[in-house]
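Colleague: Could you have a look at this structure, given as structure tokens, before my questions?
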Amino acid sequence: MIRVDGRTLRCADVADAAAAQGPLVLDVSISALRAARKAWELAEELSARRIVYGRTTGVGANKDDAVPAGDTAHGLRLLRSHAGGSGEPMPPGHVRAMMLIRLNQLVAGRSGIHPDLIAALADALRTGSLPLVHRLGAIGTGDLAPLAETALALAGERAWLRGGIPPVPVQAGDALAFMSSNAATLAEASLAALELDTLTRASHAVVALTYIALDGNPEAYATPVHEARPHPGQIACAAEIRRLLGMEGTPAPGRRIQDPFGLRAFPQVQGPALDAVHYLRDVLAVEINAGTENPMISTVHGDAYHHAHFHTAYVSTALDQARATVHQVAELSAARLGDLVEPEFTGLRPFLAAGPAGSSGVMILEYVAHDALAELRQAALPMTLGTAVVSRGLEDHASFSTQAARAATAACAAYRQLLACELVAAVRALRMRQAELVDLPARDAFERAGAVLEPSTDDRPLTEDIAAAAAVLDDLARI
């Protein structure tokens with residue numbers, strides 16, 4: 000059951016909604032619904048005696064165009080004109096996550112939307128009904144097109160991709176109140192943030208196995224080292240590696256006085272990524288429970304406030320930072336993979352080959368890894384360096400958080416492939432060395448990965464090995 004009260008929705012709830020294949024079980028707060036009704040009543044009252052953007056006026060550069068009193072079709076016209084999404088259909092999980100976030104924001108009671116539309120959105124989620132929503136149509140200043148398409152489905156004017164509910168009427172003030180949100184962007188960002196969290200946690204286990212395969216030097220992870228420069232993520236990373244490897248007291252020195260950066264600098268590079276993902280999740284926890292509608296209807300103050308909460312600079316900059324830091328960690332994974340195929344570091348044959356002379360072993364893994372790294376590098380480019388001037392110059396800045404979220408999704412997919420390549424090589428190296436791992440968390444990681452990876456060291460396609468390694472990373476993140 001997912002609690003919907005406008006205050007306590009979590010990114011994990013969003014992920015649960017996205018993963019669901021049918022109806023959602025919702026616990027919608029009765030008190031929140033009462034507050035939403037009071038906001039609607041106040042919005043109706045205010046619209047009768049003063050100018051309220053989007054209710055008694057047009058939107059964007061049409062802000063000074065007064066809507067005639069009694070023009071009940073104003074809301075539907077706004078939705079129809081803004082439901083111009085394009086491109087591929089949004090994935091079903093993404094749509095469900097968007098709908099849940101929007102429902103939660105609406106019950107926060109600051110939109111002034113009619114309670115029937117809130118109830119209809121909840122019914123759609125409870126019945127597993129999905130509107131047809133297109134991917135393109137937002138630049139980080141409100142997901143106008145996706146939400147307009149959703150609202151028109153609730154109104155009975157657009158087809159449902161799956162299921163459907165009885166149509167509800169749309170009042171003049173409902174259109175902007177429903178569209179004034181970045182729920183679709185926040186849905187994708189939340190899913191990407193959780194995936195980045197999973198992959199960064201799994202990377203500790205992968206690095207621990209590579210460390211064992213390469214006879215790493217434990218000094219780089221020693222507590223005194225990281226107490227001397229106590230960044231939170233760096234300290235957490237070093238502590239996690241010590242836990243996985245059972246480093247207590249003063250461990251025995253490694254084979255080398257200093258390891259390559261892939262091992263030695265891992266805490267210093269992983270630390271910023273851990274901090275960035277943590278910050279991203281904090282930002283999203285605020286956003287998915289925020290009242291972002293412009294204008295904001297405040298029952299506490301009895302007034303409507305025009306503002307710019309639709310602008311998502313917090314989200315776009317947090318996503319840019321997360322992708323950039325994860326890219327640096329991914330570069331270290333590619334570097335460690337290069338060490339794993341080097342006899343000087345493993346004491347094994349080049350490319351971990353085991354067949355006749357000239358066998359290629361896992362040579363291809365480096366090519367796959369660097370291909371994935373190139374895709375991640377492209378996805379890591381900052382979206383916040385761009386802007387847009389639209390609506391006849393009135394809206395003269397954009398955060399591009401929507402594009403930053405899409406790039407985060409791409410970065411996750413690439414990083415998962417890269418870590419999978421390193422894991423395949425690390426497990427093979429440990430098998431070839433016949434390493435006897437003591438009863439430590441790292442051994443659990445080795446056994447879980449080994450259970451899904453083909454033990455044969457013959458030259459053969461490694462496609463299935465990479466896919467299996469990519470899938471087992473979720474398990475490694477929980478060790």
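Quick note on numbering: the sequence shown equals residues 0 to 478 in numbering that gives the first Met the number 0. Even for Gly, the Cβ is constructed at its ideal location relative to N, Cα and C.
1. If you count every other CB in all the chains shown that lies within 10 Å of the CB of E239, and 16 or more means buried, which is it?
2. Only counting runs of 3 or more residues, tell me where the beta strand (DSSP E) segments fall wholly within the segment 27-64, in order along the chain.
3. Report the three-state DSSP secondary structure of P454 (helix, strand or coil).
4. Would you report the Cα separation of A150 and H133, rounded to the nearest angstrom?
5. Please classify V66 as buried or exposed, where buried requires at least 16 neighbouring CB atoms within 10 angstroms.
6. Between L244 and D438, what straight-line distance do the alpha-carbon atoms span, to the nearest angstrom?
7. What residues in its chain sit with their C-beta under 8 Å from that of I1, if we drop five residues either side in the sequence?
8. Measuring alpha carbon to alpha carbon, tell me which residue in R322, A303, A323, P294 is nearest F309.
9. Can you give me the C-alpha to C-alpha distance between A425 and A176, rounded to a whole angstrom?
10. Quick check on G86: does DSSP put it in helix, strand or coil?
11. Compute the beta-carbon to beta-carbon distance between G261 and N103, rounded to the nearest angstrom, for a pair I have assumed lies under 8 Å.
12. Should E247 be labelled buried (16 or more other beta-carbon atoms within 10 Å of its own) or exposed?
13. Please confirm whether any heavy atom of the ligand NAD lies closer than 7 Å to the CB of G92.
14. Pick from A18, E40, Y414, L143: whose alpha carbon is nearest that of A321?
15. Using DSSP's beta-bridge definition, name the partner residues of V3.
16. Measuring alpha carbon to alpha carbon, tell me which residue in M382, S332, T222 is nearest E421.
17. From L208, H369, G270, Q327, pick the residue whose C-alpha is nearest to that of R447; which is it?
18. For the alpha helix (DSSP H) holding D281, just list the boundary residues, first then last.
19. Would G172 pass as an interface residue toward chain C - the criterion being a Cβ-Cβ separation below 8 Å?
20. Are the beta-carbon atoms belonging to A404 and E187 less than 8 Å from one another?
21. Straight-line CA distance for D122 to P165?
Modeller: So, from the data block:
1. buried
2. none
3. coil
4. 13 Å
5. buried
6. 10 Å
7. L8, D12, D15, A16, L23, V24, L25, D26, L99
8. P294
9. 53 Å
10. strand
11. No, G261 and N103 are not in contact; Cβ-Cβ is about 42 Å, not under 8 Å.
12. exposed
13. No copy of the ligand NAD occurs in the structure displayed, which carries no ligand at all.
14. Y414
15. V27
16. S332
17. L208
18. 265-286
19. Note that chain C does not occur in the displayed structure, where there is just one protein chain.
20. yes
21. 10 Å
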